[in-house]
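What follows is a short report on a single structure.
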Amino acid sequence: MYKLLIVDDEPQILEGMKRTLDWAEYGFHQVETSETKQDAIAKSVEFMPDIAIFDVCIGTDLGYEIIHKLNELRLPTKYIIMSGYSEFEYAQAAIRCGVKDYLLKPVDRSKLQKVIEKIIVEDLNGTLDGIHRKDMNTDPILGIPYEELSKLTNRILLMVKAEYAQNITLKSVAEPDGHPIPDAPPSYTGVTYTQGNWFILKTRGGESPEPLNKWEEFRASNERAVKSSTFGFTPDLSMMPIQMQNIKMVWQKYYPSLMTGSVDVDTELPKFNEELKQAGLDEVRAEVQKQLDAWRASNKR
-3 MYKLLIVDDE PQILEGMKRT LDWAEYGFHQ VETSETKQDA IAKSVEFMPD IAIFDVCIGT
57 DLGYEIIHKL NELRLPTKYI IMSGYSEFEY AQAAIRCGVK DYLLKPVDRS KLQKVIEKII
117 VEDLNGTLDG IHRKDMNTDP ILGIPYEELS KLTNRILLMV KAEYAQNITL KSVAEPDGHP
177 IPDAPPSYTG VTYTQGNWFI LKTRGGESPE PLNKWEEFRA SNERAVKSST FGFTPDLSMM
237 PIQMQNIKMV WQKYYPSLMT GSVDVDTELP KFNEELKQAG LDEVRAEVQK QLDAWRASNK
297 R
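With the numbering used here, you'll find the sequence shown wraps up at 297, consecutive numbering, no jumps.
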């Protein structure tokens, strides 16, 4: 029913992407691949895919520039960009081309699944009836989420799967004694302010970093706490995937150095704020405020 085109200059990645999802189950009965700009344009015109997934770099050519040329031909194709680079400029160019999403390599299976399902329902007017959803985000043998694995490990799994055309898991590439290959530790995410954090900020410092009556102060602090009027509100930003990806990339670029004090804050912070705006932060804030106003109205807050 649907047609898919995958464009990447690495044959192993192409084969791995063909097996990342059960495309036939989603109704894709024709899956084509291309390794060059010329072949990608020719196949796009020839069989007009419903969805095309482009790597950001195809040899010396750029995927979004190819998409721009295809847009001039007014093809009905919906495009997805994948890239091994967390570069804000690439994501900006992708937005200008009207791509549906920007995925970082190695492509997260669950994210790809969500993007494909979203396009099928919202753009192709299809349904997901009868589709057996698998947990694409967890290794089926060890039960370890793929997002907790390093990029290198995920890339190895993708390429090994392509090479042997089978569902290779971490257990398959474990050491002889059965222990999984060591992986990088989970990344540090940052501080979430809670009532306890506020207590620490208010009581620590001065000549007595650890006040002798801290537990009394802690209980008094809790008694003074007021329930937030937004408690229970969670914004839905699924309709803004590219802006969220852009913001994430800018955050990852500046946040670690700012948190560790390894840069001049007065110099870097203005750059951080400006790039967040360019990434679409104001659009996201406006959408969150819109949803918050509607939530408050419906909950009489």
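From the three backbone atoms N, C-alpha and C, an ideal C-beta is built for every residue, glycine too.
- In the structure shown, K74 falls within a strand segment according to DSSP collapsed to helix, strand and coil.
- S217 has its alpha-carbon roughly 20 Å from the corresponding atom of T226.
- The continuous stretches of alpha helix (DSSP H) do not include V103, and DSSP gives it neither H nor E.
- In the DSSP assignment, I37 falls within the unbroken alpha helix (DSSP H) covering K33 to F43.
- In the DSSP assignment, I9 forms no beta bridge with any residue.
- The continuous alpha helix (DSSP H) containing Y60 extends over residues G59 to E68.
- Boundaries around K267 are those of the alpha helix (DSSP H), V261 to A275, since no beta strand (DSSP E) includes it.
- Within its own chain, the residues whose Cβ lies closer than 8 Å to the Cβ of L0, once the five positions on either side in sequence are excluded, are W19, F24, Q26, V27, E28, P45, D46, I47, A48 and I49, listed in chain order.
- Only residues of its own chain outside the window of five on either side were considered, and among them M78, S79 and G80 have a CB closer than 7 Å to the CB of K101, listed in chain order.
- In the assembly as shown, L124 is an exposed residue. Its beta-carbon has fewer than 16 other beta-carbons within 10 Å.
- For V27, the secondary structure class from DSSP, reduced to helix, strand or coil, is strand.
- In the structure shown, L120 adopts coil according to DSSP, grouped into three states.
- DSSP links S79 through a beta bridge to L100.
- In this model, V103 and I76 are separated by some 11 Å (Cα to Cα).
- DSSP places V3 inside the beta strand (DSSP E), whose first and last residues are Y(-2) to V3.
- For A48, the enclosing beta strand (DSSP E) has its first and last residue at I47 to D51.
- Rounded to the nearest angstrom, the Cβ distance from D97 to I2 is 14 Å, too far for a contact under 8 Å.
- Apart from sequence neighbours up to five positions away, the residues of its chain that approach D4 with a beta-carbon distance below 6 Å are L10 and D51, ordered along the chain.
- Judged by DSSP in its simplified three-state form, I115 adopts helix.
- A direct Cα-Cα distance of roughly 15 Å separates F268 from E85.
- Taking a 10 Å sphere around the C-beta of G126, we find fewer than 16 other C-beta atoms and assign the residue as exposed.
- The C-beta of T263 has fewer than 16 other C-beta atoms within 10 Å across all chains shown, which makes the residue exposed.
- Note on L17: 16 or more other CB atoms within 10 angstroms of its CB, so buried under the neighbour-count rule.
- I37 and L66 do touch by the CB rule: their CB atoms are close to 7 Å apart, below 8 Å.
- Straight across, the Cα-Cα distance linking Q34 with L277 is about 36 Å.
- In the structure shown, I127 adopts coil according to DSSP, grouped into three states.
- When L58, S30 and Y250 are compared, the shortest CA-CA separation from E6 is found for S30.
- Around the beta carbon of A282, fewer than 16 other beta carbons sit within 10 angstroms, so the residue counts as exposed.
- When rounded, the separation of the alpha-carbon atoms in I115 and V95 is 11 Å.
- DSSP lists D57 as the bridge partner or partners of I54.
- In this structure, the beta-carbon distance from K107 to L99 falls below 8 Å.
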